[in-house]
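*Asks:* Dropping the structure in here first, questions after.
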Amino acid sequence: MNTASWGSTGRFGLARYVMAAALARTADGGAVVAIVLLVTTQGGGGSLAGLLAACITAPHLLGPFVARRIDLADDGRKVIAFACVLYSFALAAAVLSYGHTPAILTGLLLSISGCCGPLLTGGISSRLPAIAGSDQHSQRRAQGWDVATYGVGGTVGPSIVAAVSSWASPGLAAFCLAVAAFCAAWLVMRLPYSAPEHGGDVQSVPSAWSTIALMVKDGPLRRTLYMTMLVAFSMAALPITAVHMTTLMGTPAASAGAMTAAYGIGNLTGSIGVMLRPLRGSPDHLMSVLALCVMAGLFAVMVSPTLFIAIATFWVAGIINAFFFAATLAARTEYAPTKGRGQVFLWVAAMKITAGSAGTAAAGAMTDWDVRIPLMVGIGLIGCAVALSFVERCMERSGAA
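Heads up: the sequence shown at position 358 corresponds to 355 in the working numbering, and the numbers run straight through without jumps.
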């Protein structure tokens, strides 16, 4: 798609993309909260709530294997739209089944939704390069919008669930999410069509294992993967840290909500910043530089002496994370092989979700010793990743010379 054609149709395509992505990610972002509330408000134990929540999150790891359908399809929109519809019906059926059928059936239905989840996140992102325009400036500005939809999904989804649950019931909240996913399917099918990269030769599309092997061997893609994972692991500690910081600062426990909200607002602020001033330069180099900034943000949070300063540092950390995320989206777009782009997007997305879950669990365990330990570990891990990325690039340049 050339720049001229983008000028006439791309803005409308991008608007539809933003609406579709925001709806889909709102559904995916709020589903876990809805299921936990559904179980606990109906007398279920915490272990059952956690198990059913895992049924919708754990299958995200299967996303990269499902993603190959996007690269194989003559119209990738149909694959993503079908996933949105299936997610919608499976989630609604799971809610209807809970308490009336064995829990294993509810878990199975939630697992179906979970398998579709990656297509609602990384899968939709794989459509953006064909919509945003051919020039780098337009691509990176559009990636700012994409980052914003993730922020909306992560904040609006749980907020809708909390509001509807308090007003009516968690079940109705989950149905609202199902409707959002269904509407996303309608919008996805109205995105601009882009011809498949395989050009009719489906044998040229790499397998899932071939794609991950390529990501391990290819320097920029390898760095995209491990830096995304380690930053996600480290940033996942912030909500847990916020709760324990209130005790150290002698503030009410509810203050943790202000800090986490500031982080979410920072993410949205950063995404607006990327829209207004798109990133420039090599995504590979940008990830390393911005990861250093993430380290600085975590350190600032760790040494915050007062609640006001803590809220400010959480906000700044959110801004930096948005810029880093935009750099990883640019890296996936520019370094992924065209015939395996969908799989690369979902591999990175799946590993990011997994790393974030592991980071949350690890932070919960480490804060029992000291609230600063998760942040110190995160700073150390990101520092190692940045150092490794610089060493790798130096070796690659010397080898090329």
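All C-beta atoms in this analysis are idealised placements derived from N, C-alpha and C, irrespective of residue type, glycine included.
For the alpha helix (DSSP H) containing Trp366, name the first residue and the last one.
*Replies:* The residue labelled residue 366 in the question sits at position 369 within the sequence shown. First-last for Trp366: undefined, no H or E at that position.
*Asks:* At what residue ranges does the stretch 63 to 147 contain a whole run of the beta strand (DSSP E), taking only runs of 3 or more?
*Replies:* DSSP runs (the beta strand (DSSP E)) wholly in the stretch 63 to 147: none.
*Asks:* From this set, Ile53, Gly26 and Ala129, which residue's C-alpha is nearest Gly104's C-alpha?
*Replies:* Taking the sequence shown and counting its residues from 1, the one referred to as residue 104 is at position 107. With distances taken between Cα atoms, Gly104 lies closest to Ile53.
*Asks:* Can you give the Cα-Cα distance for Thr330 and Phe296, rounded to whole angstroms?
*Replies:* Within the sequence shown, numbered from 1, the residue matching residue 330 stands at position 333. Within the sequence shown, numbered from 1, the residue matching residue 296 stands at position 299. Taking the straight line joining both Cα atoms gives about 30 Å.
*Asks:* Classify His57: buried if its beta carbon has 16 or more other beta carbons within 10 angstroms, exposed otherwise.
*Replies:* Taking the first residue of the sequence shown as position 1, residue 57 is located at position 60. With 16 or more Cβ atoms within 10 Å of its Cβ, His57 is classed as buried.
*Asks:* Are there three or more Cβ pairs, one per stretch, closer than 8 Å when the stretch 20 to 35 is compared with the stretch 148 to 164?
*Replies:* A contact exists between the stretch 20 to 35 and the stretch 148 to 164.
*Asks:* What residue range does the alpha helix (DSSP H) around Arg329 cover?
*Replies:* Indexing the sequence shown from 1 puts residue 329 at position 332. Start and end: Leu304 to Tyr332.
*Asks:* Since Thr118 and Arg22 are thought to touch, with beta carbons under 8 Å apart, how far apart are those beta carbons, to the nearest angstrom?
*Replies:* Here residue 118 corresponds to residue number 121 of the sequence shown, with the count starting at 1. Here residue 22 corresponds to residue number 25 of the sequence shown, with the count starting at 1. Confirmed, about 6 Å.
*Asks:* What does the alpha-carbon distance come out to for the pair Ile269 and Trp312?
*Replies:* Position 272 of the sequence shown holds residue 269. Position 315 of the sequence shown holds residue 312. The alpha-carbon atoms of Ile269 and Trp312 are separated by roughly 14 Å.
*Asks:* For the alpha helix (DSSP H) that Ser231 lies in, which residues bound it at each end?
*Replies:* As a position in the sequence shown, residue 231 is number 234, starting the count at 1. Note, Ser231: alpha helix (DSSP H), Gly216 to Met232.
*Asks:* For Met284, count neighbouring Cβ atoms within 10 angstroms of its own Cβ and tell me buried if that reaches 16, exposed if not.
*Replies:* For this step, residue 284 is matched to residue 287 along the sequence shown. Buried: at least 16 other Cβ atoms inside 10 Å.
*Asks:* Measuring only the C-alpha atoms, how far is Ala78 from Val144?
*Replies:* Counting from 1 along the sequence shown, the entry for residue 78 is found at position 81. Counting from 1 along the sequence shown, the entry for residue 144 is found at position 147. So the two alpha carbons sit approximately 20 Å from each other.
*Asks:* Give the straight-line distance between the Cα atoms of Cys173 and Ser135, rounded to the nearest whole angstrom.
*Replies:* Looking up residue 173 in the sequence shown gives position 176. Looking up residue 135 in the sequence shown gives position 138. Those two C-alpha atoms are separated by around 33 Å.
*Asks:* Classify Phe9: buried if its beta carbon has 16 or more other beta carbons within 10 angstroms, exposed otherwise.
*Replies:* Counted from its first residue, the sequence shown places residue 9 at position 12. Phe9 comes out exposed.
*Asks:* Are the CB atoms of Thr238 and Val298 nearer to each other than 9 Å?
*Replies:* Taking the sequence shown and counting its residues from 1, the one referred to as residue 238 is at position 241. Taking the sequence shown and counting its residues from 1, the one referred to as residue 298 is at position 301. Their beta carbons are under 9 Å apart, which means Thr238 touches Val298 by this criterion.
*Asks:* Pick out whichever of Pro302, Ala229, Trp206 and Leu218 has its Cα sitting closest to the Cα of Gly247.
*Replies:* Here the question's residue 247 lines up with position 250 in the sequence shown. Of the candidates Pro302, Ala229, Trp206 and Leu218, the one whose C-alpha sits nearest the C-alpha of Gly247 is Pro302.
*Asks:* With a cut-off of 8 Å, do at least 3 Cβ pairs link the stretch 337 to 355 to the stretch 225 to 233?
*Replies:* Judged by Cβ distances under 8 Å, the stretch 337 to 355 makes contact with the stretch 225 to 233, as three or more pairs qualify.
*Asks:* Just checking my contact of Val92 with Leu35 at CB under 8 Å: how many whole Å lie between their CB atoms?
*Replies:* The residue labelled residue 92 in the question sits at position 95 within the sequence shown. The residue labelled residue 35 in the question sits at position 38 within the sequence shown. Contact holds; Cβ gap of about 6 Å.
*Asks:* What's the gap between the Cα of Lys75 and the Cα of Ala100?
*Replies:* Here residue 75 is taken as the residue at index 78 of the sequence shown, counted from 1. Here residue 100 is taken as the residue at index 103 of the sequence shown, counted from 1. Cα to Cα, Lys75 sits roughly 32 Å from Ala100.
*Asks:* Using beta-carbon positions only, say whether Leu20 and Cys180 come within less than 9 Å of one another.
*Replies:* As a position in the sequence shown, residue 20 is number 23, starting the count at 1. As a position in the sequence shown, residue 180 is number 183, starting the count at 1. It is a contact, given that the beta carbons lie within the stated cut-off.
*Asks:* Once you ignore the five residues that flank Asp215 on each side, which residues in its own chain have a CB closer than 8 Å to its CB?
*Replies:* Taking the first residue of the sequence shown as 1, we reach residue 215 at position 218. Within the same chain, Asp215 has close Cβ partners Tyr332.
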